[in-house]
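Asker: Okay, so the sequence shown: first residue is 93 according to this note's numbering, each after it adds one.
Cβ atoms here follow ideal geometry from the backbone N, Cα and C, with glycine treated the same way.
Keep in mind it's a predicted model, so treat the numbers as computed, not measured.
For reference, the structure I am asking about is given below.
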Amino acid sequence: MKKKFLNKNYTCVAVSKTKSEKSIKKLYDFGYRHFGENKVQELIIKNKNLPKDIHWHMIGHLQTNKVKMVVPFVYLIHSVDSLKVLSKINKESEKIGKKTNCLIQINISNEESKYGFSINEIKEIIINNDLNNFNSIVIKGLMGMASFSDDKLLIKNEFKNLKNLYDLIKNNFESNNNNIDFDTLSMGMSNDYAIALNEGSNMVRIGSLLFGKRNY
Numbered sequence: 093m094k095k096k097f098l099n100k101n102y103t104c105v106a107v108s109k110t111k112s113e114k115s116i117k118k119l120y121d122f123g124y125r126h127f128g129e130n131k132v133q134e135l136i137i138k139n140k141n142l143p144k145d146i147h148w149h150m151i152g153h154l155q156t157n158k159v160k161m162v163v164p165f166v167y168l169i170h171s172v173d174s175l176k177v178l179s180k181i182n183k184e185s186e187k188i189g190k191k192t193n194c195l196i197q198i199n200i201s202n203e204e205s206k207y208g209f210s211i212n213e214i215k216e217i218i219i220n221n222d223l224n225n226f227n228s229i230v231i232k233g234l235m236g237m238a239s240f241s242d243d244k245l246l247i248k249n250e251f252k253n254l255k256n257l258y259d260l261i262k263n264n265f266e267s268n269n270n271n272i273d274f275d276t277l278s279m280g281m282s283n284d285y286a287i288a289l290n291e292g293s294n295m296v297r298i299g300s301l302l303f304g305k306r307n308y
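Following this line, the structure appears as structure tokens:
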């Protein structure tokens with residue numbers, strides 16, 4: 093049965109972590125250009141060996157001491173979860189004359205095991221114009237991961253909260269912050285992408301549905 097989504101215009105990031113370059117190349121030959129990795133060293137190797145028109149997404153937690161390794165070639169960093177990380181990305185981007193595209197990660201499930209700003213934290217940062225200090229970064233939107241749960245209503249509400257925050261920032265604060273240019277709401281993975289798309293996501297991160305079960 094073909095699924096119907098309220099949002100039909102979205103980007104699918106193929107989550108290729110732990111997957112072989114051969115497997116990635118198969119999807120590439122099929123037409124995919126957006127691939128997501130969560131380990132810096134693995135990302136660097138794959139970027140070196142695979143076609144140069146691939147858009148690499150850093151989707152995992154990014155340590156400050158590894159920022160400079162990915163800034164030169166990364167297409168979009170999904171996992172900006174602190175001002176410290178943002179400052180480091182800005183510093184390394186400035187060194188090479190690049191403006192790096194980033195998403196602010198929001199902990200929409202409020203789980204301690206997940207990284208990200210709380211909704212109240214990011215509101216305070218935006219209202220105080222704290223992001224204006226980072227001239228070598230462009231904040232393209234928000235990213236969030238819902239609770240790993242079978243409760244579809246819970247997941248739907250978490251995505252709805254993130255979409256409301258996205259709209260609030262875009263409609264009320266984008267023009268007051270020099271480096272906010274919202275066009276990306278990254279939410280939804282293999283187990284909940286359909287809910288995410290119906291709640292307004294325009295970027296989903298799909299791994300197992302494209303590559304099969306992950307090998308660790």
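By how many angstroms is the C-alpha of GLU291 removed from the C-alpha of SER239?
Answerer: Here residue 239 refers to the residue found at position 147 when the sequence shown is read from its first residue. Here residue 291 refers to the residue found at position 199 when the sequence shown is read from its first residue. Their backbone Cα atoms lie some 15 Å apart in a straight line.
Asker: So which of TYR124, ASN270, ASN139 has the shortest CA-CA distance to LYS131?
Answerer: Locating residue 131 in the sequence shown gives position 39, where the first residue counts as 1. Minimum Cα distance to LYS131 is reached at ASN139.
Asker: Between the Cα of MET237 and the Cα atoms of ASN227, ASN271, ASP284, ASN264, which residue gives the shortest distance?
Answerer: Counting from 1 along the sequence shown, the entry for residue 237 is found at position 145. It is ASP284.
Asker: Check whether the Cβ atoms of HIS149 and HIS170 lie closer than 8 Å to each other.
Answerer: Position 57 of the sequence shown holds residue 149. Position 78 of the sequence shown holds residue 170. Contact flag set, yes.
Asker: To the nearest angstrom, report how far apart LYS111 and ASN264 are at their CA atoms.
Answerer: Here residue 111 corresponds to residue number 19 of the sequence shown, with the count starting at 1. Here residue 264 corresponds to residue number 172 of the sequence shown, with the count starting at 1. ASN264 has its alpha-carbon roughly 41 Å from the corresponding atom of LYS111.
Asker: Quick check on GLU184: buried or exposed, where buried means 16 or more other Cβ atoms within 10 Å of its Cβ?
Answerer: Taking the first residue of the sequence shown as position 1, residue 184 is located at position 92. GLU184 should be labelled buried.
Asker: Which word fits PHE122, buried or exposed, when buried means at least 16 other C-beta atoms lie within 10 angstroms of its C-beta?
Answerer: Walking along the sequence shown from the start, residue 122 turns up at place 30. Classification of PHE122: exposed, given that the 10 Å Cβ count is below 16.
Asker: If you scan the region 122-166 from start to end, which runs of the alpha helix (DSSP H) of 4 or more residues do you find wholly inside it?
Answerer: 132-141, 159-162
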